[in-house]
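Take a look at the structure set out below.
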Amino acid sequence: MEPPNRWLRCTLMCLVVCSGFSSSASVLFGRRINNKLEAKISSQGCSHPHKEKYFEQQVDHFSFTNSDTFQMRYLVSDELWTKGGPIFFYTGNEGDITWFCENTGFVWDLAVEYKAIVIFAEHRYYGKSLPYGNDSYKDAAHLGYLTAEQALADFAVFLDWYKANTLGGAAGSPVVAFGGSYGGMLAAWMRIKYPNAIAGAIAASAPVWQFTGLTPCNTQYLTISKDFQAANQLCYDSVHMSWDVITRIGQTASGRTKLAQAMKLCNPLKTTADVDGLISWLAGSWFNLAMVDYPYPANFLEPLPAFPIKEVCSYFKTPSPTDDQLLAELTGALGVYYNYTSSIQCFNLSQDATASLGDLGWSFQACTEMVMPFCADGVDDMFYPMPWNYDAQVAACKAQWNVTPRPNWIVSQFGGKNITASSNIFFSNGLLDPWHLGGVLTDLSDTLVAGIIPDGAHHLDLRGKNKLDPPSVIAVRNQERENINRWIAEWWVNKT
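Letter by letter, the sequence shown follows residues -24 to -1, 1 to 472 of mature numbering (1 follows the signal peptide of the UniProt record, and there is no 0).
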């Protein structure tokens, strides 16, 4: 039940889910929320006055033959800052920077405590920071400067300029980097590559070890399956059963018509390839749901209730269901993720996964340096067999972008598991998060520290404080404060 085209869709989906990672194949729905319903959703962040500004960057920091430049967008708030206060710098992810600003309330909470400048820097090729304007995604030649290394250089050059040319008294201020998911990886790598610019880094849900040879490929799907199983064994069993049921029914034209009607799809399923797309979309839905299994209503990837996995699993009530019963329960469960606000009439498999994330750009990064192996076997997890197939990924990347992945480059560039020469990085991970097993889960040294949130999903600690926060995330945030205090103190000692 695992034809190559289905595997390819899942390859691109799983490589792009991280963050924060958006989902290029598990396409989700655009959001149309009326004001009354929207008021019930906690999106958090950006509650303080901030300004949108731009800074001129080199397109290529590592060559003297390309003099092209572009405008990098950044959001800045200096309303709380007092002379000598720190700079809290968010290393932008793969999407519009305002989206991350809106979902990173912890940075704003800290800014009040520390009287800090807050800066959210947009990642090149995302949002409004397009090096070649409308031609930025034209071909691999224009996209070739979309790398983590170039983005980190953007951030370092920007910080040098900002500290020297803006507020008086900020030139010597310590900078603490923050990031979640891919942004968390960048925050950690920023400290590794530019310790002169960064006093320390909070790397939340950063799968810095989710690369070839560092972490088994099955970790994401095992975690998701455990999350669902913990909510309801019947839920786990029903999802596990659904793949064969959908595949079997989808073999005929009449069966595909039945699937589209039973699952309230906006468009017909004309071919078995369309059925494969439906299956990939479903797998991506469960992946995304596990990432945002927060203890209170939130609007990160989609507007969702508290503990959305439990809510989804409440729809699976029938042991040994008939096909019709299973499809009905599956459709009801999907409505929690895609239609919590009751604003849509049908499920559209062709719409973008998360409108604020840059799926196209991340698919290029996944085809160059962000090669993150994944797999499922359908035995130890609730999914279907998806063996890791690097050759298939290479073929897909050549077909889409005419590039060949470099699976070992990130490890060579940033050290893989050999990073103890670095210091002052706090790695936080929630054990409900599909990506946590690709992160740093134990202390590597006195200054490379891990914080664990047993009942936390994807970078829960970066969200603003909430009365429903579990004690474990409060404890990790306090650990983060302790480390920030130490980093700032060390910075000033080293400056004297």
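Note that beta-carbon positions come from the ideal geometry of N, C-alpha and C, so glycine has one too. Please read all numbers here as calculations on a predicted model, not as lab measurements.
{"Asked": "Boundaries (first-last residue) of the alpha helix (DSSP H) holding E78", "Found": "73 to 78"}
{"Asked": "Y101 to A92 span [Cα, whole Å]", "Found": "28 Å"}
{"Asked": "Cβ-Cβ distance between P381 and Q369 below 8 Å", "Found": "yes"}
{"Asked": "Coil, strand or helix - R462 by DSSP", "Found": "helix"}
{"Asked": "Nearest to I429 (by Cα), restricted to the options V355, D269, M161", "Found": "D269"}
{"Asked": "Whole-number beta carbon distance between R167 and I401, since they are thought to touch under 8 Å", "Found": "5 Å"}
{"Asked": "Assumed close pair P410, A266 - CB separation to whole angstroms, cut-off 8 Å", "Found": "5 Å"}
{"Asked": "DSSP beta-bridge partners of Y66", "Found": "F96, F154"}
{"Asked": "Alpha helix (DSSP H) segment containing N264, residue limits", "Found": "248 to 267"}
{"Asked": "Whole-Å CB distance - L241 paired with L325, under 8 Å assumed", "Found": "7 Å"}
{"Asked": "Assigned secondary structure, N172 (DSSP; H/G/I helix, E/B strand, else coil)", "Found": "coil"}
{"Asked": "Span separating the alpha-carbon of V152 from that of F65", "Found": "6 Å"}
{"Asked": "Beta-ladder partner(s) of L86, from DSSP", "Found": "Its beta-bridge partners do not exist; DSSP assigns none."}
{"Asked": "Same chain, Cβ closer than 6 Å to T199, neighbours up to 5 away in sequence not counted", "Found": "P410"}
{"Asked": "C-beta atoms of G406 and L436 nearer than 8 Å", "Found": "yes"}
{"Asked": "For E456, the three-state DSSP class (helix, strand or coil)", "Found": "helix"}
{"Asked": "Closest Cα partner of S296 within the set M346, L235, G391, H216", "Found": "H216"}
{"Asked": "T317, DSSP secondary structure in three states", "Found": "coil"}
{"Asked": "Separation of T195 from C211, as counted between CA atoms", "Found": "20 Å"}
{"Asked": "Where M(-12) sits in the DSSP three-state scheme", "Found": "Any reading at M(-12) must be qualified, since the residue scores a pLDDT of 39, below 50, and its modelled position is unreliable; the value itself is stated next. Helix, per DSSP."}
{"Asked": "For K441, the nearest candidate out of R232, N110, A274 (CA to CA)", "Found": "A274"}
{"Asked": "Exposure of Y366, with buried meaning 16 or more beta-carbon neighbours within 10 Å", "Found": "exposed"}
{"Asked": "Residue(s) in a DSSP beta bridge with F40", "Found": "Per DSSP, none; premise fails for F40."}
{"Asked": "Cβ neighbour criterion (16 or more within 10 Å) applied to E28", "Found": "exposed"}
{"Asked": "Opposing strand residues paired with F403 [DSSP bridges]", "Found": "A179, A426"}
{"Asked": "Alpha carbon of F31 to alpha carbon of S43, nearest angstrom", "Found": "16 Å"}
{"Asked": "Burial state of V355 (16 or more Cβ within 10 Å)", "Found": "exposed"}
{"Asked": "Cβ contact check for the segment 448 to 455 and the segment 419 to 428: 3 or more pairs under 8 Å", "Found": "yes"}
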